[in-house]
């Protein structure tokens, strides 16, 4: 009995010391984060020969933000299609995002987006063509993704029917590759966490290639730290956000992995992370998917339209990857590099089986 009491006391002391260290690190990382957000975005915005575009060029590009060029609107502002002729860009089709100047922390997110996308390029990350901050405007000009965002194909059954399982799987591989680049390849000494991975931020080009977008909430941190840094007010989109990050404020690469796991299940189930018309356990996909997977009832929620395309081996591997991403604690989740590798392996299964049959 006495030994058990001593053991419990020691465990309690170790937990207290760990919590105390986290609190101390929290203060240190808050300061570090503030320094980064105050300095990094200015690097590109202050370069006169960089990506800055005059306001009149953007007005010409969109025909003065004509309604016929209007693509969509969100909490951030409005998006227009345009044809850009400026410098090396001759009649280039672009997407112009005009941010709401009165939006919450809009200026900070605008500057972060410019800093990130002008510095880091990858085939599966949307390309920033230019920006404009004249006359208090906040405008971002991107390459045009003609097929829009992935969420449209998951929420609208008439549209999602046009995407095969093979296309959806390749889109997921593309997003994983983009995140792997941000987490592990941007530089030797730092990493980038997107912080708002969701299907609405996955754009699709004319060839259905995935383009990860919306870097306004992204954060940068040192590569040799277990916890990249701390954000006192967790950000992101509910239904996709890492629950451990929501509870503690500690942001890590595995926070992106969790969000990506939700996207994987969205693709597998043919629905969005949150369906407001449901008022039961089906409302939020992350809860539903984990429960069904653990109970061996995944077949109940898989999109019926892709069942004819997906073989059992691919389904088993893909769903296992998605489930591992949704583990409650970050220590149990795979790295995004592991996720990307396993998704590619799962994609090969179909072709390997076809080859064996033909032989």
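In our numbering, the protein residues as written are 164 to 522.
All C-beta atoms, glycine included, are put in the ideal place defined by N, C-alpha and C.
Check, Outcome
"Let me confirm a value: residue 308 is counted as buried when at least 16 other C-beta atoms fall within 10 Å, else exposed. Which label applies?", "buried"
"Under a Cβ-count criterion, where at least 16 other Cβ atoms within 10 Å of its own Cβ denotes burial, should residue 219 be classed as buried or exposed?", "exposed"
"Report yes if the CB atom of residue 342 is closer than 8 Å to the CB atom of residue 358, and no otherwise.", "no"
"Specify, as a first and last residue, the run of the beta strand (DSSP E) that residue 543 falls within.", "With the chain covering only 164 through 522, there is no way to say anything about residue 543."
"When you compare only the Cα positions, how much space is there between residue 489 and residue 251?", "44 Å"
"Taking buried to mean at least 16 other C-beta atoms within 10 Å of its own C-beta, is residue 441 buried or exposed?", "exposed"
"With distances taken Cα to Cα, identify the nearest neighbour of residue 425 among 401, 416, 290, 409.", "401"
"Check whether the region 326-338 and the region 359-378 touch, using three or more Cβ-Cβ pairs below 8 Å as the test.", "yes"
"Looking at C-beta atoms only, is the number of pairs between the region 324-332 and the region 343-356 that lie closer than 8 Å three or more?", "no"
"In terms of alpha-carbon separation, which member of 385, 498, 458 lies closest to residue 351?", "385"
"Just to confirm before moving on: does the CB-CB distance between residue 482 and residue 461 stay below 8 Å?", "yes"
"When the Cα atoms are used, what is the spatial distance from residue 457 to residue 274?", "43 Å"
"If distances are taken between C-alpha atoms only, which option among 487, 428, 508, 463 comes closest to residue 477?", "508"
"Below 8 Å on the Cβ atoms is my contact criterion, and I expect residue 306 with residue 290 to pass it. Report the Cβ-Cβ distance as a whole number of Å.", "4 Å"
"Can you tell which of 316, 448, 228 has the C-alpha that lies nearest to the C-alpha of residue 262?", "228"
"Looking only at its own chain, which residues have a Cβ that is under 7 Å from the Cβ of residue 473, when we skip the five neighbours before and after it?", "328"
"Would you mind sorting residue 235 into buried or exposed? The rule is 16 or more other CB atoms within 10 Å of its CB.", "exposed"
"Count the other C-beta atoms from every protein chain shown that fall within 10 angstroms of the C-beta of residue 217, then say buried if there are 16 or more, exposed otherwise.", "exposed"
"Taking only the alpha-carbon atoms, compute the straight-line gap between residue 421 and residue 404 and give it to the nearest angstrom.", "7 Å"
"DSSP has residue 109 in a bridge; who is on the other side?", "Since the displayed the chain opens at 164 and closes at 522, residue 109 lies outside it and no answer follows."
"Taking 8 Å as the cut-off, decide whether the C-beta atoms of residue 484 and residue 435 are in contact.", "no"
"Would you mind sorting residue 168 into buried or exposed? The rule is 16 or more other CB atoms within 10 Å of its CB.", "For residue 168, the predicted model reports a pLDDT of 41, less than 50, meaning its position is unreliable and no value from the coordinates is stated."
"Do you know whose CA, among 230, 412, 407, lies nearest residue 492's CA?", "407"
"Check whether the Cβ atoms of residue 349 and residue 304 lie closer than 8 Å to each other.", "no"
"Report yes if the CB atom of residue 382 is closer than 8 Å to the CB atom of residue 414, and no otherwise.", "yes"
"Would you kindly work out how many angstroms separate the C-alpha atoms of residue 265 and residue 503, rounded to a whole number?", "38 Å"
"Excluding five sequence neighbours on each side, which residues of the same chain lie with their C-beta closer than 8 Å to the C-beta of residue 397?", "404, 408, 409, 412, 414"
"Keeping to the same chain, check which residues put their C-beta closer than 8 Å to that of residue 511; ignore five residues upstream and five downstream.", "none"
"Per the DSSP calculation, residue 353 is bridged to which residue(s)?", "385"
"In its own chain, which residues sit with a C-beta less than 6 Å from the C-beta of residue 331, not counting the 5 before and 5 after it?", "430"
"Rounded to whole angstroms, what's the CA-CA distance from residue 378 to residue 399? Just pull it up for me.", "11 Å"
"Between residue 475 and residue 469, what straight-line distance do the alpha-carbon atoms span, to the nearest angstrom?", "12 Å"
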